[in-house]
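Trainee: Each residue of the sequence shown is one higher than the last, beginning at 19 in the numbering used here. Every residue, glycine too, gets a C-beta built ideally from N, C-alpha and C. After the structure tokens below, expect a handful of questions from me.
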Amino acid sequence: MNQRNTTAIILRRTDYGEADRIISVLTPDQGKLRLMARGVRRVKSKLAGGIELFSVSHITYIQGRGEIGTLISTRLDSHYGTIIKDLERVQLGYELIKRLDKVTEDQADAEYFSLLQQGFEALDEASVSVDLIRQWFLAQLLQLDGHEPNLQSDTGGKRLEATQTYNFDIEAMTFAPHPSGRFAAADIKFLRLLFSKTQPTVLSKIAGLTELSARANPLVTAMSQQYIQNM
């Protein structure tokens, strides 16, 4: 038997037969896998505890000749239990899973696994707002898919200035100078952090976050709708 070991996040679970379940998982080194978890719906199943949603598990499986392998064993590594205590966090958690499942249809690199795990970690922190996590997640997806905005220079190629105000050109994915623009230096600084590797737990401590996040939200949403249509 060709047994393999990896770390996995559950994306989907589909009941099959009387006691089985077909699961779709995201891994950092094996891409996306579809596995048959036999007998997992039985009360005493040893597999059940390791295929919970909003969790990271170590799994052992056999890769079959077809599309579906067989799950052999599971061990729960991390369960983000705070998420399931809040309906809004549960809803966003499902949204993050759905988005990652969609954008990784063709290829699932390790960066996507890391992003989803970091999203769960942020959702597990009750002090971090759901709106901020959603913005951060969309920004990171845009970056991974090669659609990061230019946050250094304007539409004319000039360096963005602290004393200038701007509007955003969605087609050019950069700012255009405007005397009464909606975005100022603080907004641009916030966006730079949002598209960086800065974690939501750190972003949540930024002064004036509520106002900055409110102004950034429609912009980040518009970017994702424009450039990641299938999300």
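What's the C-alpha gap between residue 115 and residue 64?
Mentor: Distance between the alpha carbons of residue 115 and residue 64 is about 24 Å.
Trainee: Applying the criterion that 16 or more other CB atoms from any shown protein chain within 10 Å of the CB defines a buried residue, is residue 172 buried or exposed?
Mentor: So residue 172 ends up on the buried side.
Trainee: Can the beta-carbon of residue 77 be found less than 8 Å from the beta-carbon of residue 54?
Mentor: No, Cβ-Cβ distance for residue 77 and residue 54 is not below 8 Å.
Trainee: By DSSP, does residue 242 sit in helix, in strand, or in coil?
Mentor: Helix, per DSSP.
Trainee: Entirely within the stretch 207-236 and at least 4 residues each: give me those alpha helix (DSSP H) ranges in chain order.
Mentor: DSSP runs (the alpha helix (DSSP H)) wholly in the stretch 207-236: 218-221.
Trainee: For the beta strand (DSSP E) that contains residue 184, what are its first and last residues?
Mentor: Looking at the DSSP string, the run of the beta strand (DSSP E) that includes residue 184 is 184-187.
Trainee: Does the count of Cβ pairs from the stretch 155-169 and the stretch 203-212 closer than 8 Å reach three?
Mentor: Taking 8 Å as the limit for Cβ pairs, the verdict is that the stretch 203-212 does touch the stretch 155-169.
Trainee: So residue 193 is in the beta strand (DSSP E); what residue range does that whole segment cover?
Mentor: Element bounds for residue 193: 192-195.
Trainee: Would you mind working out which of 190, 140, 232 and 45 sits nearest residue 98, comparing C-alpha positions?
Mentor: Out of 190, 140, 232 and 45, 140 has the C-alpha closest to the C-alpha of residue 98.
Trainee: In this structure, how does DSSP classify residue 35 when only helix, strand and coil are distinguished?
Mentor: Residue state, collapsed to three classes: coil.
Trainee: Which class does residue 249 belong to by DSSP, given the choice of helix, strand or coil?
Mentor: Residue confidence is low: residue 249 scores 49 on pLDDT, short of 50, so the model does not pin down where it sits. Its coordinate-derived value is still stated next. It is coil, neither helix nor strand.
Trainee: Mind reading off the beta-carbon distance from residue 110 to residue 152? Whole number of angstroms is fine, and I expect it under 8 Å.
Mentor: 6 Å between Cβ atoms; contact.
Trainee: For residue 132, which of helix, strand or coil comes out of DSSP?
Mentor: It is helical.
Trainee: How many Å lie between residue 147 and residue 227 at the Cα?
Mentor: Each residue's Cα considered, the two are about 10 Å apart.
Trainee: In chain order, what residues of the same chain lie with their CB nearer than 7 Å to the CB of residue 135, ignoring the 5 residues before and after it?
Mentor: 27 and 74.
Trainee: With distances taken Cα to Cα, identify the nearest neighbour of residue 36 among 24, 59 and 52.
Mentor: When only C-alpha atoms are compared, the closest one is 59.
Trainee: Of all the beta strand (DSSP E) runs that stay within the bounds of the stretch 26-89, which reach a length of 3 or more residues?
Mentor: You should have 38-44, 50-55 and 73-80.
Trainee: Measuring only the C-alpha atoms, how far is residue 34 from residue 118?
Mentor: Taking the straight line from one Cα to the other gives about 24 Å.
Trainee: Might you give, ordered along the chain, the residues of its own chain that have their beta carbon closer than 6 Å to the beta carbon of residue 56, omitting 5 neighbours on each side?
Mentor: Here the set comprises 38.
Trainee: Distance, Cα to Cα, residue 185 vs residue 240?
Mentor: About 13 Å.
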